[in-house]
Structure formats: structure tokens, C-alpha cells
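These notes are about the structure you will find just below.
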Amino acid sequence: MTPPRRPNRTLAALLAEADWTAADLSRAVNALGAGRGLRLRYDRASVARWLNGARPRPPVGELIGQALSRRLGRRLTPQDTGFTDPVTTAGILASDWRVGDPVQRLSALCHAETDPVRRADLARTVLSAPPPVITGWRSRPPALPPADPRAPQASAADPARLEGVAVRSALLGERFGGAHARPALAGYLAAEVVPLLTAPAHPVVRRALLTGAAHLALLLAGRTSEIGHPALAQYYYDIALELAHAAGDRGSHTIVLRCLSIQAHQLGDHHQAIALGEAATEIAGSAVPSAVRAFLHAGRAVVHAGAGQARAATADLLTAERHLARATGPEGPFTSYPETALRYQRAEVLSCLGHHKAALAELEHSLACRPADHHKARTLLHAQLAHTLLALHEVDAAVDHSFHALRHHRQLAAGSVHGTLPRLAHRLMPYQRHPRVAAFRERLRAMPR
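Per the numbering used here, residue 165 is the first one in the sequence shown, and the count goes up by one each step.
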């Protein structure tokens with residue numbers, strides 16, 4: 165007997181994420197087929213059959229994956245769209261990727277990232293069991309990973325080189341989005357950074373190299389989360405946390421905890437978000453610079469607000485402001501916390517607590533202070549301004565900011581700020597008869613991502 169069809173929920177979820185109708189998908193598949201010399205005549209009824217479990221003939225499954233890949237900005241295979249039987253990918257994550265030396269795990273993950281096929285498999289495989297987060301801090305730095313006596317000696321100049329790459333990478337991420345050169349960053353970690361972490365050197369140099377590696381792994385984690393793979397990102401965050409701990413770098417350790425806290429908040433796990441945020445501020449104490457303490461308290465304010473804890477959120481914002489007023493030191497992604505970023509976090513808190521007019525003022529001030537070529541921040545700011553204005557029922561102004569968000573998003577690498585514009589389009593759905601809302605949604609559908 166022929167087994168009963170099962171609805172293709174994977175395809176349904178992808179269509180919802182892409183903000184596409186069945187007709188949108190059928191048109192995209194037909195157009196791709198025409199580019200291959202195929203005369204395809206699929207329509208919304210065809211897509212309905214696929215959603216109900218029917219499988220298209222080759223190579224249409226591949227074309228569906230290609231169409232959705234372009235729309236969503238990440239590589240999708242027929243298996244990713246639910247058109248093939250699941251393939252066991254147990255070999256993708258060897259046991260030593262989950263436990264053991266963080267340097268070995270970083271090497272294994274980053275080498276896999278350099279292969280497009282293994283990269284796609286890796287993103288799927290890790291979704292089931294993200295690693296536990298270790299939040300403790302020892303009074304003494306742990307022992308350094310063993311050095312390889314056969315390796316060339318690391319020089320005192322190597323840590324500064326890693327930090328230079330991290331600063332440059334952070335700047336490029338602001339300009340072109342987290343998807344920009346992400347595989348290249350993984351490749352750099354695998355080919356150049358990992359060998360330095362086991363090279364013989366003075367302990368001071370070795371700890372500085374571990375800090376540099378932690379910063380680069382943290383950037384890779386953030387980019388991985390930004391493109392829509394939070395579970396894989398948690399592996400990188402976990403590695404960055406252990407590298408910072410091995411370096412004895414309390415400040416970097418707490419920065420990673422804060423990033424994990426915000427990711428848990430974004431995923432709706434408020435209990436975990438608060439636990440991580442509190443661990444970060446407790447470990448930091450008074451031992452980290454004021455800029456880092458401001459960053460930590462601003463993050464904890466956001467997660468408290470997300471959990472509905474208004475008093476705690478307000479107290480954290482005030483503490484963040486006090487620390488930022490005392491902050492000194494060089495500018496950089498791990499050494500400073502700009503006022504414009506604090507204003508964005510303050511707006512997030514105010515929005516969560518329902519104070520939309522006050523949030524609007526903070527967002528407008530943050531936007532005015534952002535460099536013109538920071539397209540990622542401007543995409544997020546314009547999108548948040550649109551959401552805030554819609555909460556105030558100011559539809560025309562919200563659409564203006566929606567178009568600005570779209571304009572800046574076009575400057576980003578495909579896949580960056582994953583889901584930002586589809587969420588905005590969904591928020592505008594009640595106003596879809598408004599001509600400019602319809603124009604925005606249509607332009608978004610036509611935009612390759």
C-alpha cells in the first residue's frame with residue numbers, strides 16, 4: 165500500500181518566513197525554470213498539493229529550494245524544503261565538537277564552515293541539542309591549553325593582529341551586515357587563529373591570543389545568530405565563553421554572557437535570559453571597565469523588560485547611564501559602549517513597557533547619531549521606528565520608515581538581519597489596503613534576499 169501523504173510543514177514554515185503566497189512561489193519557480201529552458205506552468209493549486217505532501221518531479225524540488233534561497237538569503241536544498249526523506253547527519257557533529265577542549269571544537273566547527281555543503285548540514289544538525297552554558301568564574305585563571313612544542317613560536321605582535329582583524333570585522337558587519345564574509349571569518353579562525361592558540365609562547369602572550377580568539381568567535385556567533393541560526397550561534401558563544409575564561413579575561417567573559425542573555429530574550433526564554441544577565445553582572449562586579457558595566461546593565465534592562473519586570477528594568481537603565489558617564493578608554497567593539505547604542509536599548513525597554521512615545525524619541529536620537537554607512541544599525545532602527553509608530557497608529561510615518569529600512573537593507577549582504585523585514589511586513593498586514601503599505605509589501609516581495 166502507498167503510505168499516506170504527510171503535510172509538508174517545512175515548506176509551509178518557509179513560505180511564512182518568506183512572506184510569500186502560494187502564487188508567489190509558483191511564479192518564482194516558473195521563472196527559474198524558464199531560465200533553464202523549461203516551460204513550467206505551476207500555480208497556487210500546484211503549491212497547495214506540495215503543501216499537502218505531494219513531491220514535484222525533478223528538477224522542480226531543486227528550483228523550489230533555489231527560489232526560497234534567493235528570497236531568504238541562505239542556501240536551501242530539496243531536503244531543507246521537505247521534499248526528500250531525512251538523511252542522517254550524525255557524522256556532521258562528532259562527539260568532540262560537543263565536549264572537550266574549546267580550541268579543538270572551534271577548529272572542527274570552523275573547518276566545517278568552510279565547506280558550503282557541510283555548513284548547511286551543520287546548521288540543521290545542531291538545532292536539537294545546544295550545549296549548556298557555564299556561567300561560573302574561578303578566582304584564578306584555569307590552566308592554559310597544552311602548547312604544541314613542534315609548532316612555530318607565537319610572537320608578541322600576534323595578539324594585536326587578531327584584535328585588528330576583530331575591529332575591522334565588526335566595522336564591516338555594521339556596514340554590510342552579519343552575512344558579509346561570514347565563511348571567510350570562519351576560515352580565518354580555522355587556518356590562522358587556531359594554530360596560534362597551541363603555539364609555544366610566553367603565558368602573557370598566550371592569554372592575549374585566547375582573548376583575541378574569544379573576540380573573533382564572539383563576532384562569528386553574533387553573525388550566525390543574525391542570519392537565523394541561533395542554536396549554531398550558541399555553540400560559538402559557548403566556545404567564546406570558554407576561551408575568555410581560559411584567558412582569565414573577566415570582561416570578555418561577561419560580554420559573551422550578555423550576548424547569550426539577549427539571544428535567549430529574543431527566543432522568548434525569559435527565565436534563561438534573566439539568569440544569564442544576572443550572571444554577567446555578578447561576575448563583572450567592579451572588576452571590569454565602566455563601559456562594559458554599562459553594556460551589561462543595559463542588556464539586563466532589556467531582558468527584565470521582556471519579562472515584564474518594569475522596576476528592575478528601570479533600575480538597570482539608570483545604572484547603565486551612571487557607568488557610561490564614567491566610561492573612559494579607547495573606542496572599539498569590546499572597549500567602549502556608545503551613547504547611541506544605549507538609547508536603542510532604552511527604546512527597547514520603553515517599548516516593552518508600553519511607553520511608545522518615549523521610545524520614539526530615543527530611537528530618533530539614536531538614528532541621528534548613527535554613521536550614514538552603518539546600514540545594519542539603520543535597517544534595525546528604521547524597522548523599530550516603524551513598529552513603534554504603528555503602536556501609536558501613525559501609519560503614514562511608519563511606512564516612511566519601512567521604506568528607509570528597505571533602502572538600507574539593500575546595502576547588506578543577503579541573509580543579514582534575518583527576519584527583520586518579513587516581521588515588519590507582517591506587522592503592516594492590517595493596513596494592506598493602504599496604497600503605500602501595499603507598495604512596500606510588493607517591493608519587499610520583489611527584492612532578492
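The C-beta atom is built at its ideal place from N, Cα and C for all residues, glycine as well.
Checklist line | Helix, strand or coil at P266 according to DSSP, with G and I counted as helix | finding: helix
Item checked: Stretch-stretch touch, CB-based, cutoff 8 angstroms, three pairs: the stretch 515-535 with the stretch 468-488 -> yes
Next item on the list: Taking A555 as the reference, give the member of K521, A532, T543, H582 with the closest Cα.
Entry: K521
Next item on the list: Measure the beta-carbon distance from R235 to W301 and round it to whole angstroms, keeping in mind my assumption that it falls under 8 angstroms.
Entry: Wrong, their Cβ atoms sit about 44 angstroms apart, outside the cutoff.
Check: Since H551 is in the alpha helix (DSSP H), which residue starts that stretch and which ends it?
Finding: 539-555
Notebook entry, point to check: Buried or exposed: T252, going by 16 or more other Cβ atoms within 10 Å of its Cβ?
Noted result: At T252, the pLDDT of 36 sits below 50, so the modelled position is not reliable and the matter cannot be decided from this model.
Checklist line | Cα-Cα separation between A377 and G493, rounded to whole angstroms | finding: 21 angstroms
Margin query: Taking 7 angstroms as the limit between beta carbons, can you name the residues of its chain near L407, skipping five residues before and five after?
Written below: P266, L374, A377, A378, A381
Note to self: Rounded to the nearest angstrom, what separates E495 and L592 at their Cα positions?
What the structure shows: 38 angstroms
Check: Out of E390, H366, F567, L353, which has the shortest C-alpha to C-alpha gap to A577?
Finding: E390
Notebook entry, point to check: Is the beta carbon of A363 less than 8 angstroms from the beta carbon of A315?
Noted result: yes
Notebook entry, point to check: Assuming L383 contacts S425 under a Cβ cut-off of 8 angstroms, what Cβ separation, rounded to an integer in Å, is found between them?
Noted result: About 17 angstroms separates the two Cβ atoms, so there is no contact after all.
Margin query: On the CB-based measure, 16 or more other CB atoms within 10 Å of its CB, does R387 come out buried or exposed?
Written below: buried
Item checked: Buried or exposed (CB count within 10 angstroms, at least 16 for buried), A444 -> buried
Notebook entry, point to check: At which residues does the alpha helix (DSSP H) containing G351 begin and terminate?
Noted result: 346-352
Next item on the list: Would you kindly work out how many angstroms separate the C-alpha atoms of R219 and A284, rounded to a whole number?
Entry: 22 angstroms
Note to self: Please report the straight-line C-alpha distance between V358 and L270, rounded to a whole angstrom.
What the structure shows: 8 angstroms
Next item on the list: Can you tell me the Cβ-Cβ gap for P367 and L405, rounded? I've got them flagged as a contact below 8 angstroms.
Entry: The pair is not a contact, with the Cβ atoms about 21 angstroms apart (cut-off 8 angstroms).
Item checked: When A187, G472, D564, A192 are compared against G432, the one with the closest alpha-carbon -> G472
Notebook entry, point to check: For the putative contact between R464 and E442, defined by C-beta atoms under 8 angstroms, what is the C-beta separation to the nearest angstrom?
Noted result: 7 angstroms
Next item on the list: Using three-state DSSP, classify R414 as helix, strand or coil.
Entry: helix
Item checked: Helix, strand or coil at G199 according to DSSP, with G and I counted as helix -> helix
Next item on the list: Counting only the same chain and skipping the five closest in sequence on each side, list residues whose C-beta sits under 7 angstroms from that of R510.
Entry: L481, E526
Note to self: At 4 residues or longer, what runs of the alpha helix (DSSP H) sit wholly inside the stretch 419-504?
What the structure shows: 434-448, 454-470, 474-490
Margin query: Can you look up D249 in the DSSP assignment and give me helix, strand or coil?
Written below: Confidence in D249 is poor, its pLDDT being 46 and thus under 50, which makes the residue's placement unreliable; the coordinate value appears in the next sentence. The answer is coil: DSSP assigns D249 none of H, G, I, E or B.
Next item on the list: Specify the secondary structure class of I391 as computed by DSSP and reduced to three states.
Entry: coil
Next item on the list: Identify whether H379 lies in helix, strand or coil by the three-state DSSP scheme.
Entry: helix
Next item on the list: Label E512 either buried or exposed according to how many other C-beta atoms from any shown protein chain fall within 10 Å of its C-beta, with 16 as the threshold for buried.
Entry: buried
Next item on the list: Compare the Cα-Cα distances from A348 to each of P280, P394, A395 and report the closest residue.
Entry: P280
Next item on the list: Drop a sphere of 10 angstroms on the beta-carbon of H551, count the other beta-carbons inside from all chains shown, and report buried for 16 or more, exposed for fewer.
Entry: buried
Checklist line | Classification of G199 by the beta-carbon crowding that lies within 10 angstroms, buried from 16 upward | finding: exposed
Check: Among residues of its own chain, excluding the 5 on either side of V467, which ones have a beta-carbon nearer than 6 angstroms to its beta-carbon?
Finding: S425, H429, A437, I438, G441
Next item on the list: Mind reading off the beta-carbon distance from Y508 to L545? Whole number of angstroms is fine, and I expect it under 8 angstroms.
Entry: 7 angstroms
Next item on the list: Sort V369, H557, P313, A365 by Cα distance to P594 and report the nearest one.
Entry: H557
Note to self: Taking its Cβ as the centre, do 16 or more other Cβ atoms sit within 10 Å of P222, making it buried, or is it exposed?
What the structure shows: exposed
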